[in-house]
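In terms of this note's numbering, the sequence shown opens at residue 123 and continues consecutively. From the three backbone atoms N, C-alpha and C, an ideal C-beta is built for every residue, glycine too. Here the structure is a predicted model, which is why all the values come from computation and not from measurement. Before any comments, here is the structure.
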Amino acid sequence: LFSRAWCVGELAEARRMGMPQALQLRSGDDLMRHEAKLRGLQVEEMKATRPEDIEAILAKIPDKTAFNAALQVLIFDDRSGLLAAWRERDAEKQMGTIGRIMRWQAAGGDAIWRNWVIA
123 LFSRAWCVGE LAEARRMGMP QALQLRSGDD LMRHEAKLRG LQVEEMKATR PEDIEAILAK
183 IPDKTAFNAA LQVLIFDDRS GLLAAWRERD AEKQMGTIGR IMRWQAAGGD AIWRNWVIA
């Protein structure tokens with residue numbers, strides 16, 4: 123996603139327009155593996171299927187340095203970045219799991235296992 127010129131351009135435009143955005147990752151390990159690459163992203167190095175697409179996208183970005191800085195904010199900002207939103211969603215998911223376990227425990231501790239049916 124972040125290496126494709128059109129995708130990054132559309133993410134930046136959606137953010138400029140105030141459209142809500144979220145990032146879905148399989149795990150925090152995926153994030154850790156790719157964080158250095160994400161921190162080094164530059165629009166000038168992104169790829170597209172057709173070379174003329176890259177030229178057209180770059181032509182629409184007058185200040186590439188400012189765009190690259192804004193891209194880092196889009197991804198990494200602690201309050202509004204895509205990764206912050208992912209971490210928040212991940213925390214919500216974890217809290218939901220904890221809540222379910224606590225309800226099972228309150229229902230009699232081993233109620234989930236007593237009612238478990240093995241087919």
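{"Asked": "According to DSSP, residues forming a beta bridge with Glu-186", "Found": "Checking the sequence shown, residue 186 turns out to be Lys, not Glu. None; Lys-186 has no bridge partner."}
{"Asked": "Collapsed DSSP secondary structure at Arg-161 in the structure displayed", "Found": "helix"}
{"Asked": "Cβ-Cβ distance between Leu-180 and Phe-124 below 8 Å", "Found": "no"}
{"Asked": "Classification of Gly-131 by the beta-carbon crowding that lies within 10 angstroms, buried from 16 upward", "Found": "buried"}
{"Asked": "Ala-194 to Thr-171 span [Cα, whole Å]", "Found": "Looking at the sequence itself, residue 194 is Gln, so the reference to Ala does not match. If I take the Cα positions, the gap works out to 24 Å."}
{"Asked": "Limits of the unbroken alpha helix (DSSP H) element including Leu-123", "Found": "It is not in any alpha helix (DSSP H) - Leu-123 carries neither H nor E in the DSSP assignment."}
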